[in-house]
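Following: one structure in structure tokens, then a few remarks.
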Amino acid sequence: MSDDPRFSDPRPPSDPDRPWNAWLPPDRADQGADRSAALPGPHIRSVGELTRLVRDRLRAAPDLRDVWVEGEIGQVSVSAAGHAYLTLKDAGAQLRCVIFRDERARIPFEPQTGLKVVVHGRIDVFEQQGAYQLYVDALQPSGFGDLALRLEAMKAKLAAEGLFESVRKRPLPEWPRTIGLATSETGAVFHDIVQVLRRRWPLVRVVFAPCLVQGDTAPATILGALRSLARWTDPADGRALDLLILARGGGSLEDLWPFNDERVVRAVAAFPRPVVVGVGHESDVTLVEFAADVRAATPSVAAELAVPSRDDQVVRITALRRRLETLAGAALAQRRARLDAERRALDGLRPSAVLAAERERLGYLLDRATEALTGRIAADRALLERLHTRSAMTITVGLQRARSSAAAARGGLNALSPFATLERGYAIVRRPDGSVVRAAATAAVGDPLDVRLAVGGLDVRVERVRDSRP
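Position 36 of the sequence shown, counted from 1, bears residue number 36 in the numbering used here, the numbering being contiguous throughout.
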């Protein structure tokens, strides 16, 4: 318990569990019990619920959705995601501020500690930390005045409509032939731009639409010049503009204010050809530069960006010519080599060359045939000689073998021949029909018989048949 007597426990320490009204008189104790039972319980909220309640109340306040605040920048830090966190303070309070990466990229001024600035944004609650903070979408040094605030407000409005988006930017033509120029006819800007165009690209044609570039009537004259130049953008016209240059010299914010006029900014964004804007010096910033396709630091730079450099093109053409000569020389050398090859092929197809080649080929073939035939005849002759020698020997041996076989066969035949028997004194008796008489009993007296002897034969007739037995 706290030592503060306002929060001391009235109950004696000897009986801390007794109810709090037990120490009152009986009549007051009953009244206290009734009053305690009649009181409603408190509505207890979670931390998140209470934070969301505060957030919703802040978001519902219209005067907190669009606020301008002036103060001194305290500590500044930039996260890895590119968001900037800072505190804005004065003598009595401080305010946490957040600049998201996209907003920070569009703000031309970088916050620094110790600077007094004017910021624009909305109040909201960061629930995770339970802190309210200002979400900044515009920031500028303090002291710019109402004109600077109007400029930032107009910039935020047009940016929200998408007039400054990079996807709307159109590329400049590489070889412009006709350029529209809107600027003052009395200032030095016109002569500077024309001089730069003539020096860099003398072939370009300039269509000049004069206008006022300062004062209350300047926006109307600028709009008139843009409308006049827009009539030169018909593609059917060979003199049609390729791009537009809108320019003026440097000056104060008040002097440059016609180029922050909403009508002029919208006309530049809607111009049918790419627009190059060169207003003031490099540090001067106007809204038409955000709406233009290309922003130039100065009017002279705008002219330089609008056309190519003649000197650069001369160097480029020289390099291209050298490259063309190299490629042409290589191509001619290749064609010449092919032509020489075709000429040699044609020379080989001439009739005289063909006849000479065929004559030479026939002579070569004849020599090969003669050589082949000579070799074949020599080989055949050698083969015949070998066969003759071999056949003579074979015939001699065969004859000798045949003679020997014939002699042996003759000897065998002679041994088996009946004539050899006849030589030993025997005879062969045949009947007239040629059958051999083997037994005397088979013949009859008076039968004619032919008797074959070893030499010659006898015709006889049977006179008597003797018994065949010995």
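Cβ atoms here follow ideal geometry from the backbone N, Cα and C, with glycine treated the same way.
Annotated as proximal: residue 239 and residue 178, with beta-carbon spacing under 9 Å. DSSP places residue 72 in the uninterrupted beta strand (DSSP E) bounded by 67-78.
In this structure, residue 86 lies near residue 77, with their beta-carbon atoms less than 9 Å apart. Residue range 448-452 is occupied by the beta strand (DSSP E) that includes residue 448. With a threshold of 16 other beta carbon atoms within 10 Å, residue 120 meets it and is buried. Of the residues assessed, residue 317 falls on the exposed side of the cut-off, its CB having fewer than 16 other CB atoms within 10 angstroms.
If you ignore the 5 residues before and after residue 466, its C-beta comes within less than 7 Å of the C-beta of 440, all in its own chain and listed in chain order. Membership of residue 301 in the alpha helix (DSSP H) is indicated by the continuous run 299-306. In the DSSP assignment, residue 121 falls within the beta strand (DSSP E) that extends over 116-126.
DSSP places residue 317 in the helix class (H, G or I) of the three-state scheme. Listed as beta-bridge partners of residue 87 by DSSP are 96. Under the three-state reduction of DSSP, residue 428 is assigned to strand. For residue 271, the closest of 231, 284, 278 by C-alpha to C-alpha distance is 231. Scanning 451, 222, 431 for the CA closest to the CA of residue 443 turns up 431. Here residue 434 carries a coil assignment [DSSP, helix/strand/coil].
In this structure, 294 is the residue among 423, 273, 294, 266 with its C-alpha nearest to the C-alpha of residue 279. Taking C-alpha positions only, residue 269 is separated from residue 84 by approximately 30 Å. Inclusion of residue 54 and residue 132 in the CB contact set at 9 Å is warranted, their separation being smaller than that value.
In the DSSP annotation of this structure, residue 213 is not part of any beta strand (DSSP E), being labelled neither H nor E. The beta carbon of residue 259 sits closer than 6 Å to those of 279, 286, 288, all from its chain and outside the five residues before and after it, given in chain order. Distance from the Cα of residue 446 is smallest, within the candidate group 114, 461, 428, 452, for 461. 277 is the residue among 277, 373, 226 whose C-alpha sits nearest the C-alpha of residue 248.
Per the coordinates, the alpha-carbon of residue 246 lies some 27 Å from the alpha-carbon of residue 139. Contact annotation: residue 453 and residue 427 have beta-carbon atoms nearer than 9 Å. Here residue 63 is exposed. Its C-beta has fewer than 16 other C-beta atoms within 10 Å. Rounded to the nearest angstrom, the gap between the Cα atoms of residue 114 and residue 254 is 27 Å. Put simply, the backbone Cα of residue 185 is about 45 Å away from that of residue 323. Nearest neighbour of residue 252 by Cα position, chosen from 214, 229, 346, turns out to be 214.
Contact annotation: residue 194 and residue 207 have beta-carbon atoms that are not nearer than 9 Å. Apart from the 5 residues on each side of it in sequence, residue 375 has no Cβ closer than 6 Å to any other Cβ in its chain. Contact between residue 306 and residue 171 is absent: CB atoms are separated by about 12 Å, not below the 8 Å threshold. Annotated as proximal: residue 242 and residue 273, with beta-carbon spacing under 9 Å.
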